[in-house]
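The structure appears below as structure tokens.
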Amino acid sequence: MIEYNNKRFLIVDDFTDFRSALTGMLRQMGVAHIDAAVNGEEALALCRKHTYDVILHDYNLGKGKNGQQVLEELHHDKLLSPHCIFIIISAESSQAMVMAALECEPDSYLTKPFNLASLQQRLDKLIAMKTVLHPVLDAQMRADHMAVLEACAAVIAAHPRYAPQCRRHQVTALAALGRRQDQERLLRSLISERPLPWALVALADLLRESGQLDHALTLYQDGIRQFPLIPALYDGLAATELARGNHEEAQQHLQQGLRISPNSLQRQERMGQIAQRNNDHEQAARAFRQAVDLGRNSLFRNPDNHLNLASSLTAQAGDGALGQRAVAEIRQTLGELDKTWRDDPALSVRSRLMQARTLDKSGHATEARRLAEQVAADVAQLESFFDAEVALQVAGQLRDLDQAGSADAVLATCAEMYGDDPEVLADIARHTDNPDILAAGSQALEWNRQAIRLYQQKNYAEALQRFRQALASQPRNISFALNTAQSLLRLIAADPKPELLAECERCLQQADGMPSNDHRRERYRKLRERLEQL
Amino acid sequence: MNDNDQEGLDFSTVLASTVHDMKNSLTLMMQSWAQWIERLPPELAQSGERGVIEYESLRLNGMLMQMLGLYKLQLNALPLRPDWVEVDDLLQAQLARHSEILQARQISSSYSIEHDELLHFMDEELISSVIANVINNSIRYTRTAIHLHAAQEDGQLMILVSDDGQGYPADMLGRYNTGARDADVTQSSTGLGLYFGQCIARLHQRNGRHGYIELSNGGQLGGGEFRLYLP
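Protein sequences, first through last, are from chains S and Y.
With the first letter of the first sequence counted as 1, position 477 gets the number 477 in UniProt numbering; the numbers rise by one all the way through.
With the first letter of the second sequence counted as 1, position 91 gets the number 91 in UniProt numbering; the numbers rise by one all the way through.
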């Protein structure tokens with residue numbers, strides 16, 4: 001018998017009647033501690049304050065966040081212990097909804113109406129399972145992957161009925177440990193036993209990520225033959241075709257995945273990007289429109305989807321003038337963008353450039369120029385800068401709107417910040433032939449190269465001198481700032497002079513100006529940690 | 001379909017979307033009913049009509065689900081999502097689903113299993129709905145008891161639903177699709193349920209072997225016995 005009087009429950013449902021019916025059932029089971037929330041925001045607030053053993057969450061809560069979005073946010077904010085049981089409850093049975101609910105992988109899924117006996121049976125089973133899996137989940141919470149493997153082996157030996165759950169945890173742990181071969185071996189043995197859909201997807205993904213595209217492709221196709229309605233297989237197929245450079249095929253596969261499960265923000269976003277690349281602006285607009293809709297209450301909402309929707313709508317008009325309907329939708333989309341991300345000057349620049357372009361394409365050339373001039377002035381004042389891809393886009397838009405000077409300035413900053421990356425420099429060269437921009441950093445690059453060599457020879461003091469020179473010449477370059485900080489840390493370790501500490505702090509502050517999605521964020525974070533430990 | 005149909009109306013699609021709405025309506029009605037019952041005084045709440053309403057709603061729900069399932073099956077759009085399933089858990093859940101009706105009709109229910117840790121690879125939701133429909137049917141024909149049993153036989157999983165009623169008509173007995181006559185799909189909901197069960201069982205396959213259903217009489221409780229075999 002499971003003791004329910006020491007378990008803490010949270011019920012989330014917007015219907016008073018259902019909340020009270022469910023509360024009644026739980027009381028009959030002996031549950032003493034029940035909290036209730038009427039919407040996702042309330043649920044999240046309660047989860048910040050308390051730790052629940054069981055959360056019963058209605059999928060569709062009217063206007064606000066749905067069950068999937070709440071679950072995603074709980075995971076993201078690390079508010080959900082792996083010991084907690086999260087159950088999605090739903091009354092509707094449309095395929096799109098069921099698919100979306102399943103894709104977010106709750107512990108269980110209940111369809112309304114259900115009776116007391118069914119609820120108790122389900123909970124008894126889940127609690128019994130989580131109790132046995134306790135050591136596995138505990139190790140997982142500590143990110144101790146070796147311990148996860150050991151605990152799994154113990155559970156499989158003592159409780160074979162939970163072997164299927166343990167296999168999944170083992171695969172995750174092996175992946176986290178980077179033991180790809182063991183991971184592959186385990187997945188293959190699972191599949192040879194039975195065609196387990198999740199293992200099929202995991203194996204194919206693993207092969208794709210390690211570059212074995214042909215093998216991955218065969219596996220996805222084989223999976224689809226057996227299970228034609230599992231969206232993850234089409235996602236994988238699309239990613240494989242994309243990696244092989246077959247963009248048209250990728251779009252078609254993604255389309256099939258969307259037909260099965262359209263309520264996935266990430267899938268719609270990917271569809272928009274691929275369709276945009278394939279110049280299928282109609283499809284792109286449709287996908288970005290959905291992504292904007294689905295993102296409204298989601299943690300994963302992304303302002304790029306608004307901007308991309310606007311640019312797809314513009315592109316749909318081709319060389320002709322924009323229709324009234326498109327103009328209205330663009331205006332509304334950008335309005336929502338401005339309202340949602342109010343305090344982001346870099347985003348506001350991009351939004352207004354899109355507005356200017358819309359004005360230009362709908363017969364308001366004068367207003368377009370006026371707005372573009374304002375934006376050009378604001379770009380010069382930006383404290384944080386765009387990532388390289390966006391910077392190139394912005395420069396292109398400025399140029400189209402007759403702001404060549406401002407466009408060049410954006411390219412120059414881009415070259416200064418990211419010019420140590422040859423790919424970025426090549427992209428910049430596609431936008432301009434101006435040697436002042438393209439060659440401005442070449443001396444600094446040479447110093448940086450020499451410094452790296454010195455650093456590798458453990459000659460930290462001389463390496464530092466060269467890094468400093470490079471940084472002084474290109475003060476906004478992120479890599480130079482990080483390199484300088486790293487060699488400073490080397491010297492500080494031997495001799496913690498306060499002026500070196502202060503200089504290191506300045507370098508890191510400078511590097512912190514990088515966009516939030518920059519791949520060097522992680523390196524920055526580690527250096528910052530090391531500085532703070534001193 | 002009808003070539004002369006100028007509207008291009010695909011009747012099975014219309015039917016399916018209507019059935020879908022009907023199911024959602026029914027769910028709302030059943031929810032409201034449950035809440036209403038909560039507020040009624042016990043002497044009214046425990047009336048005989050309650051059992052009828054609840055049983056018939058479950059039956060209706062099962063039939064609508066079957067129709068949707070068959071529609072999707074026809075389009076090859078019934079998602080098969082198999083995984084390892086704890087068989088005892090599956091049996092318990094089916095009995096729990098019907099607990100009020102079984103109690104109201106004073107039918108005793110039980111299950112047994114060859115060994116506790118029995119796992120089998122199947123689509124839990126689909127197989128659950130097949131078993132639930134058979135139980136629902138047995139509730140109508142049994143006298144006092146329903147028993148579920150699961151065991152492994154020749155590398156296959158066998159799930160049994162037995163009762164102590166009069167049993168199935170003689171010409172329906174045997175393996176489905178091979179007997180003298182299968183239950184007539186157009187004649188009764190029993191027939192539709194069995195047809196659905198056979199389709200779902202067949203979807204499960206391994207090394208060229210397909211699942212199937214079988215009917216017999218006598219069985220563990222002396223009445224009808226439904227057998228589901230999954231490879």
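Note that beta-carbon positions come from the ideal geometry of N, C-alpha and C, so glycine has one too.
Predicted, not measured: the structure shown is a model, and the values here were computed from it.
Please confirm if residue 82 of chain Y has its CB atom under 8 Å from at least one CB of chain S. Yes, residue 82 of chain Y counts as interfacial toward chain S.
Residues of the region 116-134 of chain Y in Cβ contact with chain S at a cutoff of 7 Å, in chain order, please. Sequence-ordered contacts of the region 116-134 of chain Y with chain S read 117, 119 and 121 [C-beta pairs closer than 7 Å].
In this structure, does DSSP put residue 35 of chain S in helix, strand or coil? Shown here, residue 35 of chain S sits in a strand according to DSSP, grouped into three states.
Could you give the uninterrupted runs of the beta strand (DSSP E) lying entirely in the UniProt domain "Response regulatory" (8-127) of chain S, keeping only those of 3 residues or more? Qualifying beta strand (DSSP E) stretches, in chain order: 8-12, 33-37, 54-58, 85-90 and 108-111.
Over what stretch of residues does the alpha helix (DSSP H) that includes residue 419 of chain S continue unbroken? Where residue 419 of chain S is concerned, there is no enclosing alpha helix (DSSP H), given that its DSSP letter is neither H nor E.
Would the beta-carbon of residue 110 of chain S fall within 8 Å of that of residue 122 of chain S? A contact, by the Cβ cut-off of 8 Å.
Out of S:365, S:191 and S:245, which has the shortest C-alpha to C-alpha gap to residue 223 of chain S? Residue S:191 is the option with its Cα nearest to residue 223 of chain S.
Under the three-state reduction of DSSP, which class applies to residue 1 of chain S: helix, strand or coil? Here residue 1 of chain S sits in coil by DSSP.
Can you give me the C-alpha to C-alpha distance between residue 179 of chain Y and residue 146 of chain Y, rounded to a whole angstrom? Only weak support is given to the placement of residue 179 of chain Y: the predicted model assigns it a pLDDT of 46, under 50, and the value that follows is read from those uncertain coordinates. Put simply, the backbone Cα of residue 179 of chain Y is about 25 Å away from that of residue 146 of chain Y.
Out of Y:42, Y:195 and Y:119, which one is the CA nearest neighbour of residue 74 of chain Y? Nearest C-alpha to residue 74 of chain Y: Y:195.
Classify residue 197 of chain Y as buried or exposed, calling it buried when 16 or more other Cβ atoms lie within 10 Å of its own Cβ. Its Cβ being crowded by 16 or more others within 10 Å, residue 197 of chain Y is buried.
Any C-beta of chain S under 8 Å from that of residue 89 of chain Y: So yes, residue 89 of chain Y belongs to the interface.
Are there any heavy atoms of the ligand ZN lying less than 7 Å away from the beta-carbon of residue 231 of chain Y, as far as the coordinates show? With respect to small molecules bound, the structure shown includes none, and the ligand ZN cannot be examined in it.
Could you tell me if residue 466 of chain S is buried or exposed, where buried requires 16 or more neighbouring beta carbons within 10 angstroms of its beta carbon? So residue 466 of chain S counts as buried.
Check whether the region 310-324 of chain S touches the region 277-297 of chain S, taking contact to mean three or more Cβ pairs, one atom from each stretch, closer than 8 Å. Between the region 310-324 of chain S and the region 277-297 of chain S, the count of C-beta pairs closer than 8 Å reaches three or more; the two stretches touch.
With a CB to CB cut of under 7 Å and the five nearest residues on each side skipped, what residues in its chain are close to residue 306 of chain S? The residues are 292, 333, 334, 336 and 337.
With burial defined as no fewer than 16 other Cβ atoms inside 10 Å of the residue's Cβ, what is the status of residue 413 of chain S: buried or exposed? With 16 or more other Cβ atoms within 10 Å, it is buried.
Identify the residues that DSSP records as bridge partners of residue 224 of chain Y: which are they? Looking at the DSSP assignment, residue 224 of chain Y forms a beta bridge with Y:217.
From what residue to what residue does the beta strand (DSSP E) around residue 121 of chain Y run? Following the DSSP letters along the chain, one finds residue 121 of chain Y inside the beta strand (DSSP E) bounded by residues 119-122.
What does a CB cutoff of less than 7 Å around residue 538 of chain S pick up in its chain, not counting 5 residues either side in sequence? What the structure shows of chain S is the stretch from 1 to 534, and residue 538 of chain S is not part of that stretch, so it cannot be assessed.
For the alpha helix (DSSP H) containing residue 373 of chain S, name the first residue and the last one. Segment 365-381, the alpha helix (DSSP H) holding residue 373 of chain S.
Within 10 angstroms of its Cβ, does residue 250 of chain S collect 16 or more other Cβ (buried), or is it exposed? Here residue 250 of chain S is buried, its C-beta having at least 16 other C-beta atoms within 10 Å.
Here's the rule I'm using: 16 or more other beta-carbon atoms within 10 Å means buried, otherwise exposed. How should residue 66 of chain S be labelled? The residue is buried, with at least 16 neighbouring Cβ atoms inside 10 Å.
Kindly say whether residue 105 of chain Y, judged by its beta-carbon, lies nearer than 8 Å to any beta-carbon of chain S. Not closer than 8 Å to any Cβ of chain S, the Cβ of residue 105 of chain Y fails to qualify, so no.
Who does residue 158 of chain Y pair with in a DSSP beta bridge? Its beta-bridge partners are Y:151 and Y:229.
Please return the same chain residues whose Cβ sits closer than 6 Å to the Cβ of residue 367 of chain S, not counting the five positions on each side in sequence. The residues are 359.
Would you mind reading off the limits of the beta strand (DSSP E) that contains residue 114 of chain Y? Residue 114 of chain Y -> no beta strand (DSSP E), and no H or E assigned at all.
Note down the Cα distance separating residue 101 of chain S from residue 51 of chain Y, rounded to an integer number of angstroms. Whole-angstrom Cα-Cα distance: 33 Å.
With distances taken from CA atoms, which of S:112, S:487 and S:27 is nearest residue 15 of chain S? Ranking the options by Cα distance to residue 15 of chain S, first place goes to S:112.
Nearest-angstrom Cα separation, counted from residue 118 of chain Y out to residue 269 of chain S: Their Cα atoms are separated by approximately 43 Å.
Flag residue 49 of chain Y as yes if its beta-carbon sits less than 8 Å from any beta-carbon of chain S, otherwise no. By this cut-off, residue 49 of chain Y is not an interface position.
In terms of residues, what are the limits of the beta strand (DSSP E) holding residue 84 of chain Y? Run containing residue 84 of chain Y: 83-86, per the beta strand (DSSP E) assignment.
So the candidates are S:300, S:523, S:392 and S:476; which of them puts its Cα closest to the Cα of residue 72 of chain S? When only C-alpha atoms are compared, the closest one is S:300.
Are there 16 or more other CB atoms within 10 angstroms of the CB of residue 205 of chain Y, so buried, or fewer, so exposed? Under a 10 Å Cβ-count criterion, residue 205 of chain Y is classified as exposed, with fewer than 16 other Cβ atoms of the shown protein chains found around its own Cβ.
Considering only residues of the region 153-219 of chain S, which uninterrupted beta strand (DSSP E) runs meet the minimum length of 3 residues and lie entirely inside it, listed in chain order? DSSP runs (the beta strand (DSSP E)) wholly in the region 153-219 of chain S: none.
I'd like the list of long-range same chain contacts for residue 53 of chain Y, defined as Cβ closer than 8 Å, with 5 residues on each side in sequence excluded. Contacts found: 33.
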